[in-house]
Each structure stands twice: as structure tokens, then as C-alpha cells.
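Numbering (the UniProt record's numbering), first residue to last: 1 to 359.
Written out as C-alpha cells, the structure reads:
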């Protein structure tokens with residue numbers, strides 16, 4: 001394409017606390033040496049987008065993590081094995097929503113991302129599908145294979161199949177985790193609303209339990225013969241934390257959440273607990289307030305790059321090897337994103353993911 005403009009349309013933090021606005025005057029992100037500049041073709045919303053509105057960012061910061069688009073410029077310091085070119089179709093998860101780099105975010109006409117951690121799209125994959133997968137892939141992989149240290153991988157089945165509890169199995173990260181577990185040779189258990197049992201089964205759940213049921217923890221212990229040793233909590237509420245801890249077998253195990261939690265809710269010393277912050281896989285740490293704040297970690301960046309490589313190879317083998325969460329394709333482009341964020345805040349987005357093709 002021709003030289004990109006100096007300013008662009010973007011969804012940014014507004015001047016009033018908790019507000020979001022669309023501006024036509026956001027500066028394009030700087031093309032750092034190891035980054036690529038991408039023309040965004042579609043974006044997808046995540047619950048974290050609604051959490052950024054109070055105290056995390058300065059007014060004018062571009063919002064958004066999930067995107068898919070077309071490479072238009074490449075920095076000079078790309079790894080030799082990762083030779084992206086203008087015209088390549090890619091998707092991923094930005095490390096935007098960062099006051100140090102306020103112009104970087106997915107919800108914009110152009111974004112920037114480290115080339116090494118992008119995922120090339122199969123030629124037959126639509127931008128709308130790809131836009132919905134980045135954060136889910138990195139979050140599920142980080143939790144299951146790094147934090148929980150599950151055996152197996154996306155390309156190799158574990159020698160021993162294990163029961164793994166996914167609390168929030170009908171969330172976007174939950175359905176990706178169900179698929180990852182199947183590919184790694186494990187037996188996923190989903191906890192979700194009963195109306196989403198069919199959805200969880202479609203994505204790989206061996207069994208599903210309704211979190212509304214007073215006996216769902218007891219029922220999980222019965223199914224697993226009191227031997228459950230892995231739980232991934234995609235919801236991270238006090239009730240989900242306690243339920244996961246209580247569902248663990250007599251020997252305990254590992255519990256990982258997507259958000260910080262009160263460790264006292266895990267009442268058993270035999271359960272080792274952790275939580276993951278997906279943007280740390282991008283290698284820049286996090287400057288959000290504590291407990292999110294952390295320094296850059298080169299080892300996490302290396303692990304994130306390896307996960308992106310594996311996910312790309314799995315999709316290249318067959319585009320339907322990994323499926324996005326059920327999508328709701330929305331009209332209106334970036335101008336409609338603030339209403340989608342508001343719908344998430346009001347609890348109106350359940351069992352599907354909002355995706356916005358850019359016009």
C-alpha cells in the first residue's frame with residue numbers, strides 16, 4: 001500500500017474516568033527495530049478491554065489486544081527464521097494498553113507488534129476468525145503448559161492422560177483450552193452454565209458441570225475418583241477459586257487463574273496456586289498497578305515466541321485444527337467498539353465473542 005497516514009482512527013481512553021471514545025487524530029505507533037507495522041483488518045473484544053477503563057491507562061491510550069491484519073512495514077531486526085514481508089496476513093495479541101507506549105493497541109487502523117510473536121494466517125482463514133484467536137491462544141497455552149506444567153503439547157500427546165478442570169469452559173479462553181487439552185491427550189472437564197454444555201462438548205469437554213448446581217464440586221470429585229490434580233480458572237471469582245480448590249483430589253495439585261485472587265480462598269496446602277498475565281509473554285513486563293506490575297522477562301518472551309511458532313504450525317497443517325470461540329460479527333467498525341465494551345461491562349456477552357471488521 002502507499003505510505004500510511006501520520007494519524008489514524010482509534011479507540012482510546014477518554015478524558016472522563018471510565019470513558020471510551022473514538023478519535024481520528026491518534027498518532028501511528030513507532031516502528032521499533034524488532035516490530036512490524038500492520039494494517040488492521042478486524043479486531044475482537046475481550047473482558048480485559050473493559051477492565052482497562054479505571055486507573056490503568058492515561059487518556060488517549062489506544063485500547064485493544066486481539067487483531068488480524070496485513071503487514072505493511074517491517075523493522076530491520078527481525079529474527080533470521082522469521083522473515084515477515086509486506087503483504088503477509090497475520091494475527092496476534094498486542095502488548096498495548098500500556099502507558100509507556102500509548103499509540104500501540106489493537107483497536108486502531110494500524111498497529112505494531114513484535115514480528116517474532118505474530119502468527120501467520122493460513123490463506124483460507126478469514127480475518128474475522130483470526131482476530132478472535134490471539135489472546136485465547138496465548139492465555140490458554142500460558143496457563144496450561146507453562147503455569148500448570150501439564151505434560152504434552154499442541155503437537156505431542158502426553159504419555160498419561162489426565163483429568164483437567166476448566167472453570168469457565170464456555171469462555172473464549174476456556175474453549176481454546178479445551179481444544180489444547182484434547183490435542184495434548186488429556187480429558188477436559190468444563191464448568192459452565194448448563195445452557196452451554198453443548199458448546200463445551202463441541203470444543204472437546206469430556207464432561208460438563210453446571211456451576212449453579214450445589215453438588216458440582218462433589219460431582220467432579222466423583223468423576224475423577226478424588227484424583228483431580230490440575231485446574232485452570234478462566235473466571236476467577238471467589239466462588240470459582242474455592243470450587244477449584246475443593247474439587248482437587250486428596251493429593252492436591254496445581255491451580256492457575258487468569259486474574260489475581262485471594263490466596264486464602266485456596267484452603268488446602270497441597271494445592272499450589274498461581275495466576276498468569278498474558279501480556280507478559282510479549283516481553284515488556286507490565287506497568288499496570290500492583291499486583292499486575294512486573295519487570296520484563298526475556299524467558300517469558302522466548303516461551304511466547306515458541307508458543308506462537310507451534311500454533312502457526314498447527315494451523316498451517318489444517319485451518320480447523322484450532323477453532324475460534326463462536327463469533328458475533330458486528331457492523332460499524334471501530335466506531336461500534338465502545339458499545340461492545342459497554343455490553344461486556346453489563347454482562348451481555350456470554351458464549352460468543354464480538355468481532356468488528358474494519359471498514
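Every residue gets a Cβ at the ideal spot worked out from N, C-alpha and C, and that includes glycine.
Quiz item: Thinking C-alpha only, which one of 159, 130, 200 and 101 is nearest residue 168?
Solution: 200
Quiz prompt | Proximity of residue 35 and residue 75 at Cβ, strictly below 8 Å | solution = Contact check for residue 35 against residue 75 passes: the beta carbons are separated by less than 8 Å.
Quiz item: Can residue 57 and residue 13 be called in contact, C-beta distance under 8 Å?
Solution: yes
Self-check item: alpha helix (DSSP H) runs wholly inside the region 177-237, at least 4 long, in chain order
Solution: 197-202 and 216-223
Practice problem: May I ask which residues mark the beginning and end of the alpha helix (DSSP H) holding residue 254? | Solution: First-last for residue 254: 253-257, but that is the beta strand (DSSP E), not the alpha helix (DSSP H).
Exercise. In the DSSP assignment, find the unbroken alpha helix (DSSP H) run with residue 129 in it and report its ends.
Key: 127-131
Quiz item: Are three or more beta carbon pairs between the region 91-110 and the region 157-174 nearer than 8 Å?
Solution: no
Quiz prompt | Start-end ranges of the alpha helix (DSSP H) lying completely within the region 46-133, minimum 4 residues | solution = 47-51 and 127-131
Practice problem: Report all residues from its chain with a CB closer than 6 Å to the CB of residue 134; omit the five preceding and five following residues, and keep chain order. | Solution: 66, 91, 92 and 93
Quiz item: Roughly how many angstroms separate the alpha carbons of residue 344 and residue 50, rounded to a whole number?
Solution: 7 Å
Quiz item: How many whole angstroms separate the CB atoms of residue 283 and residue 296, which I take to be in contact at a CB cut-off of 8 Å?
Solution: Residue 296 and residue 283 do touch by the CB rule: their CB atoms are close to 6 Å apart, below 8 Å.
Exercise. Kindly confirm or deny that the region 237-252 and the region 212-225 touch, where touching means at least three C-beta pairs closer than 8 Å.
Key: yes
Practice problem: Assign residue 228 to one of two classes, buried (16 or more other C-beta atoms within 10 Å of its C-beta) or exposed (fewer than that). | Solution: buried
Quiz item: If you draw a straight line from the C-alpha of residue 27 to the C-alpha of residue 6, how long is it?
Solution: 6 Å
Practice problem: Please check the pair residue 177 and residue 232, which I expect to be a contact at CB under 8 Å, by giving their CB distance rounded to whole angstroms. | Solution: 6 Å
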